[in-house]
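Number of protein chains: 2
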Amino acid sequence: MKKIGIKDIALRANVSTAIVSYVMNGTRNVKPETKERVLKVIEEFNYRPNAIAQSLKSRRTNTIGVIAEDITVFNTPEIIDGINDYAEQHDMHILLTNLRLQKKVGYNYADTASYQKHAQNAVSDLVSNQVEGIVYIGVHPRDLTGLIHTNDKPIVYTYCYAQNECSIQYNDEQASYDAIQYLVSKGHSRIAVISGLMDSIPSRLRFNGYYKALTEFQLYFDPQFIKVGDWGGESGYQLLGELMELPDPPTAILVMNDLMAAGALRAAAERGISIPRELSVVGFDNREFSAYLNPRITTMDLPLHDMGILAMKTLCNRISGKEETIEEPPLCKLIERDSVAGPRTSIK
Amino acid sequence: MKKIGIKDIALRANVSTAIVSYVMNGTRNVKPETKERVLKVIEEFNYRPNAIAQSLKSRRTNTIGVIAEDITVFNTPEIIDGINDYAEQHDMHILLTNLRLQKKVGYNYADTASYQKHAQNAVSDLVSNQVEGIVYIGVHPRDLTGLIHTNDKPIVYTYCYAQNECSIQYNDEQASYDAIQYLVSKGHSRIAVISGLMDSIPSRLRFNGYYKALTEFQLYFDPQFIKVGDWGGESGYQLLGELMELPDPPTAILVMNDLMAAGALRAAAERGISIPRELSVVGFDNREFSAYLNPRITTMDLPLHDMGILAMKTLCNRISGKEETIEEPPLCKLIERDSVAGPRTSIK
DNA sequence: TGCGCAATGTAAAACGTTTAAATAGGGTGA
DNA sequence: TCACCCTATTTAAACGTTTTACATTGCGCA
Chain A
1 MKKIGIKDIA
11 LRANVSTAIV
21 SYVMNGTRNV
31 KPETKERVLK
41 VIEEFNYRPN
51 AIAQSLKSRR
61 TNTIGVIAED
71 ITVFNTPEII
81 DGINDYAEQH
91 DMHILLTNLR
101 LQKKVGYNYA
111 DTASYQKHAQ
121 NAVSDLVSNQ
131 VEGIVYIGVH
141 PRDLTGLIHT
151 NDKPIVYTYC
161 YAQNECSIQY
171 NDEQASYDAI
181 QYLVSKGHSR
191 IAVISGLMDS
201 IPSRLRFNGY
211 YKALTEFQLY
221 FDPQFIKVGD
231 WGGESGYQLL
241 GELMELPDPP
251 TAILVMNDLM
261 AAGALRAAAE
271 RGISIPRELS
281 VVGFDNREFS
291 AYLNPRITTM
301 DLPLHDMGIL
311 AMKTLCNRIS
321 GKEETIEEPP
331 LCKLIERDSV
341 AGPRTSIK
Chain B
1 MKKIGIKDIA
11 LRANVSTAIV
21 SYVMNGTRNV
31 KPETKERVLK
41 VIEEFNYRPN
51 AIAQSLKSRR
61 TNTIGVIAED
71 ITVFNTPEII
81 DGINDYAEQH
91 DMHILLTNLR
101 LQKKVGYNYA
111 DTASYQKHAQ
121 NAVSDLVSNQ
131 VEGIVYIGVH
141 PRDLTGLIHT
151 NDKPIVYTYC
161 YAQNECSIQY
171 NDEQASYDAI
181 QYLVSKGHSR
191 IAVISGLMDS
201 IPSRLRFNGY
211 YKALTEFQLY
221 FDPQFIKVGD
231 WGGESGYQLL
241 GELMELPDPP
251 TAILVMNDLM
261 AAGALRAAAE
271 RGISIPRELS
281 VVGFDNREFS
291 AYLNPRITTM
301 DLPLHDMGIL
311 AMKTLCNRIS
321 GKEETIEEPP
331 LCKLIERDSV
341 AGPRTSIK
């Protein structure tokens, strides 16, 4: 049983293939009664044009490539969801590639050459499949500038940094500033920070926001209040201990991700420090688990879905050669839960 | 600047396009020195053949479609990761569609007609893009049998049920049997269960495993030990209460997902019941958060990655018309953490 | 010398569409 | 009646490959 094509439809409807094409695409006037006839045959045979052939001729595939550094990392599915929404609305398709960086045997972030080869292969593959552009979804810890080239197909980076390229980010600095402002509004003034690794860009930005807020609100500043972790739960556990052993400990802590915050909570529990009564904690990332910890962590939700949409919007603008409209980055949003209260001293 | 094609390469290498094609695909002998020459030109111009044109002519796209009911649900990214691994190893590509069932405005699981239209559109779209087969990733609560037709392209379902179709599942019954066996090995004999909704297939299967183990190990059976929740955290909270107020409460509970287990933990904490000293809990799903709860939950890990691989393997076999080899379903694996100990009475 | 055959190469059709250009068949106005 | 235009339609080229069928060459061998 041969697959039916446009010729078969044309034959049955007693018209040329051109008419069938015009009817389907509405690219030219067709006499209503002919149109009717064609439509009926299409319906009858449940004919769907071969998108491959269409693409070849029209040189438009309506397909964009998505490269995820690791789809199992928490940020990625939400971003893809955003991308998919935009794509669906604009009749585009998504060709997905997962780099799987975290699990690739022998891969480590320092090995730029190996990364580059891997990523470049993915790009070449997508380009050879005639995607019209690429969205790259990272997991942060690396500046990707110049590592990838796409042969002048547009590429938009998100959740990672590519200094001279087009990259979509939420506003880290603003987010951490907002968190401090929130703590201040609750009455805190002795606010510590548990940062991620200091050679990472988000750490620096979030620290900027922290420092800026401290200055602006004229809060107590103590270098001993600045602890640098490694993003892992253990370091949160460790550093909370150090902080609370200070002769005059903070009443609130901004922790730069929920993983470290979870560790900090465990440390607090072991030391009999009640959160939020004796100590307030604000996390970052709004990870799924943070709503199930005890207490449920107040944390910064990342606008991942919006970033996906914005990335697609930007990409599609560049594909159609439109003016680069500079959009505001999407904002993080504080999720108020149970790990923040007023400072102890303010309670009667 | 015109995109260079096979003709340009042929011209520069002073051969016909056929030779270039033969060199690239190794489909015929080419004199080594000619081959050399062609290869050099290809290299020089960094030529990559247009996969769309290749597909049109060869009628093979090396692309499979993936339909996810909701990519933001925890199971999906891991399954996709498995699919991607297999695809990468076999030089296939993934065209992704996210149905986004949970968030679609107005969508609810009971509305089969609306679901069907939505899903069928996605399928038609993929088929028109000439995918060679489809993997469907569900989120469980529905029998999909007969709702979708693919015009005789093969389709493999996973993480959902489609009774008369080809569907890949882990062994729910075995998993829950194993969990009970584990509790027995720790000395428990009074084991309750908090089930999911009873009209759901996994609930039934997991209950089978529970009941089978109870019978086989000749454990105490009490209908009051069977509680039916709705998969949500609140119901876990509620039902743990009911269980512990029984005159003679269980010493261990099998909870059919980690969400309800989290609720149960909270209820236990409020009642001053120490886990695992006074009560053991085994969860299901190995959700990310379950490693961060207090205590960290012992739970059943689902072989999601393997299911993705197996789904692809099955699909590709069907694509190439190979014998349907019936493979064993991948198995769940108990992740031992801190929510299980021996029953209280066995402690001196 | 002539023949068959292997090795190497080329020309051109084909894949299923879109679309520019050509054509047919009427009106219309002068 | 003719020149012109408009609409509806068809013809056929093109998109960038693969692949079939055929052509050429050179070699071994009777």
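Here the protein sequences line up with chains A and B, keeping their order.
First residue of the first sequence: 1, per this note's numbering; consecutive thereafter.
First residue of the second sequence: 1, per this note's numbering; consecutive thereafter.
Beta carbons are placed, not taken as given, at the ideal position from N, Cα and C, and that holds for glycine.
Which two residues bound the contiguous alpha helix (DSSP H) that contains K333 (chain A)?
In the first sequence, the residue the question calls residue 333 (chain A) occupies position 333. That residue, K333 (chain A), is in no alpha helix (DSSP H); its beta strand (DSSP E) goes 333 to 335.
By DSSP, does S200 (chain A) sit in helix, in strand, or in coil?
Mapped onto the first sequence, residue 200 (chain A) falls at position 200. Of the three classes helix, strand and coil, the one that applies to S200 (chain A) here is coil, per DSSP.
Can you check whether the C-beta of T76 (chain A) is within less than 8 Å of a C-beta belonging to chain B?
Residue mapping note: residue 76 (chain A) aligns to position 76 of the first sequence, counting from 1. Yes, T76 (chain A) lies at the interface with chain B (some Cβ there is under 8 Å from its Cβ).
Please list the segments of the alpha helix (DSSP H) lying wholly inside the region 43 to 113 of chain A, counting only runs of 4 or more residues, in order along the chain.
Taking only runs of at least 4 residues, the alpha helix (DSSP H) segments lying wholly in the region 43 to 113 of chain A are 51 to 58, 75 to 89.
As a quick exercise: from A:S128, A:C316, A:N294, A:V281, pick the residue whose alpha carbon is nearest that of A349 (chain A).
This structure cannot settle anything about residue 349 (chain A), because the visible part of chain A is limited to 1 through 348.
Go ahead and pull the three-state DSSP assignment for I168 (chain A).
Mapped onto the first sequence, residue 168 (chain A) falls at position 168. Strand, per DSSP.
Since I believe V184 (chain A) is in contact with S167 (chain A) (beta carbons under 8 Å), could you give me their beta-carbon distance rounded to a whole number of angstroms?
Counting from 1 along the first sequence, the entry for residue 167 (chain A) is found at position 167. Counting from 1 along the first sequence, the entry for residue 184 (chain A) is found at position 184. About 31 Å separates the two Cβ atoms, so there is no contact after all.
My assumption, with CB atoms under 8 Å, is that M198 (chain A) sits in contact with S235 (chain A). Please give the rounded CB distance.
The residue you call residue 198 (chain A) lines up with position 198 of the first sequence. The residue you call residue 235 (chain A) lines up with position 235 of the first sequence. M198 (chain A) to S235 (chain A), Cβ: 13 Å. No contact.
Tell me, which residues are paired with L254 (chain A) by DSSP?
Counting from one through the first sequence, the residue named residue 254 (chain A) turns up at place 254. Partner(s): A:V193, A:V282.
If you count every other CB in all the chains shown that lies within 10 Å of the CB of F289 (chain A), and 16 or more means buried, which is it?
Locating residue 289 (chain A) in the first sequence gives position 289, counting from the first residue. By the neighbour-count rule (16 or more Cβ atoms within 10 Å), F289 (chain A) is buried.
With distances taken Cα to Cα, identify the nearest neighbour of A266 (chain B) among B:R277, B:P295, B:L254, B:L246.
As a first step, residue 266 (chain B) is located in the second sequence; it is residue number 266 there, counting from the start. Residue identity differs from the one stated: residue 266 (chain B) is Arg in this sequence, not Ala. Residue B:P295 is the option with its Cα nearest to R266 (chain B).
What does H93 (chain A) reach in chain B if we use C-beta pairs closer than 7 Å?
Walking along the first sequence from the start, residue 93 (chain A) turns up at place 93. Ordered by position in chain B, the residues that pass the 7 Å Cβ test against H93 (chain A) are L95, N129.
Taking beta-carbon pairs under 7 Å, can you tell me which members of the region 47 to 66 of chain A lie near chain B?
Cβ contacts with chain B: R48, P49, N50, A51, I52, A53, S55, L56, T61.
I'd like to know whether the C-beta of T72 (chain A) is nearer than 8 Å to at least one C-beta of chain B.
Numbered from its first residue, the first sequence carries residue 72 (chain A) at position 72. For T72 (chain A), the answer is yes, since a Cβ of chain B falls inside 8 Å of its Cβ.
Apart from the five residues on each side of it in sequence, which residues of its chain come closer than 8 Å, Cβ to Cβ, to K212 (chain B)?
For the purposes of this step, residue 212 (chain B) is taken as residue 212 along the second sequence, with counting starting at 1. So the qualifying residues of the chain are E173, Y177.
Does any C-beta atom of chain A lie closer than 8 Å to the C-beta of E288 (chain B)?
Indexing the second sequence from 1 puts residue 288 (chain B) at position 288. True, the Cβ-Cβ gap to chain A drops below 8 Å.
At the 8 Å Cβ level, is A269 (chain B) part of the contact set with chain A, yes or no?
Position 269 of the second sequence, counted from the start, is the residue given in the question as residue 269 (chain B). So, interface residue.
Kindly indicate which three-state DSSP category I338 (chain A) falls into: helix, strand or coil?
Here residue 338 (chain A) refers to the residue found at position 338 of the first sequence. It should be pointed out that residue 338 (chain A) corresponds to Asp in this sequence rather than to Ile. Here D338 (chain A) sits in coil by DSSP.
Roughly how many whole angstroms lie between the Cα atoms of I319 (chain A) and K313 (chain A)?
The residue you call residue 319 (chain A) lines up with position 319 of the first sequence. The residue you call residue 313 (chain A) lines up with position 313 of the first sequence. Going by the C-alpha atoms only, they are around 10 Å apart.
Quick check: the region 146 to 166 of chain A against the region 91 to 105 of chain A, are at least 3 beta-carbon pairs closer than 8 Å?
They do not touch, by the three-pair rule.
Express the C-alpha separation of E44 (chain B) and K3 (chain B) in angstroms, rounding to a whole number.
The residue given as residue 3 (chain B) occupies position 3 in the second sequence. The residue given as residue 44 (chain B) occupies position 44 in the second sequence. Going by the C-alpha atoms only, they are around 14 Å apart.
Under 8 Å Cβ to Cβ from G133 (chain B), same chain only, skipping five residues before and after it: list those, please.
For this step, residue 133 (chain B) is matched to residue 133 along the second sequence. Around G133 (chain B): I64, G65, K153, P154, I155, V156, L315, C316, R318, I319.
State the DSSP-derived secondary structure class of D230 (chain B), mapped to helix, strand or coil.
As a position in the second sequence, residue 230 (chain B) is number 230, starting the count at 1. In this structure, D230 (chain B) counts as coil in the three-state DSSP scheme.
Do E245 (chain A) and K227 (chain A) come within 8 Å of each other at the CB atom, strictly closer than that value?
Sequence index remark: in the first sequence, residue 227 (chain A) carries index 227 (1-based). Sequence index remark: in the first sequence, residue 245 (chain A) carries index 245 (1-based). For K227 (chain A) and E245 (chain A), no; Cβs fall outside 8 Å.
State the beta-bridge partners of M300 (chain A) as determined by DSSP.
Here residue 300 (chain A) refers to the residue found at position 300 of the first sequence. DSSP, once it has assigned bridges, lists A:F284, A:L334 as partnering M300 (chain A).
Provide the residue span of the beta strand (DSSP E) that contains T158 (chain B), from first to last.
The residue labelled residue 158 (chain B) in the question sits at position 158 within the second sequence. Segment 155 to 158, the beta strand (DSSP E) holding T158 (chain B).
If you reduce the DSSP assignment to three classes, tell me which class S346 (chain B) lands in.
Mapped onto the second sequence, residue 346 (chain B) falls at position 346. Residue confidence for S346 (chain B) is low, a pLDDT of 43 falling below 50, so the modelled location carries little weight; the figure read from the coordinates is stated next. It is helical.
Note the first and the last residue of the continuous beta strand (DSSP E) segment covering Y136 (chain A).
Translated into positions along the first sequence, residue 136 (chain A) becomes position 136. 134 to 137 is the extent of the beta strand (DSSP E) around Y136 (chain A).
Suppose you measure from the CA of Y115 (chain B) to the CA of Y109 (chain B); what does that come to, to the nearest Å?
Indexing the second sequence from 1 puts residue 115 (chain B) at position 115. Indexing the second sequence from 1 puts residue 109 (chain B) at position 109. Computed Cα separation, rounded: 8 Å.
Can you list, in chain order, the residues of its chain whose CB lies under 6 Å from that of A122 (chain B), leaving out five sequence neighbours each side?
Position 122 of the second sequence, counted from the first residue, corresponds to residue 122 (chain B). I67, T97, listed in sequence order.
On the three-pair Cβ rule with 8 Å, is the region 186 to 195 of chain A touching the region 320 to 336 of chain A?
Result no; under three Cβ-Cβ pairs closer than 8 Å.
Just to check, is the beta-carbon of A87 (chain A) closer than 7 Å to a non-hydrogen atom of the ligand FMN?
As for the ligand FMN, it is missing from this structure, which has no ligand bound.
Short of 6 Å in beta carbon distance, which residues of its chain neighbour A13 (chain B), apart from the five on each side in sequence? Order them along the chain.
Along the second sequence, read from residue 1 onward, the residue named residue 13 (chain B) stands at position 13. These residues qualify, in order along the chain: R37, V38, V41.
Measure from the C-beta of N257 (chain B) to each C-beta in chain A and report whether the shortest distance is under 8 Å.
What you label residue 257 (chain B) is simply residue 257 of the second sequence in a count that begins at 1. With 8 Å as the cut-off, N257 (chain B) does not count as an interface residue toward chain A.
Here's the rule I'm using: 16 or more other beta-carbon atoms within 10 Å means buried, otherwise exposed. How should E327 (chain A) be labelled?
Within the first sequence, numbered from 1, the residue matching residue 327 (chain A) stands at position 327. Exposed is the call here.
Determine whether the beta carbon atoms of T251 (chain B) and L279 (chain B) lie at a separation below 8 Å.
Start at 1 with the first residue of the second sequence, and residue 251 (chain B) comes out as number 251. Start at 1 with the first residue of the second sequence, and residue 279 (chain B) comes out as number 279. Taking 8 Å as the Cβ cut-off, T251 (chain B) and L279 (chain B) qualify as a contacting pair.
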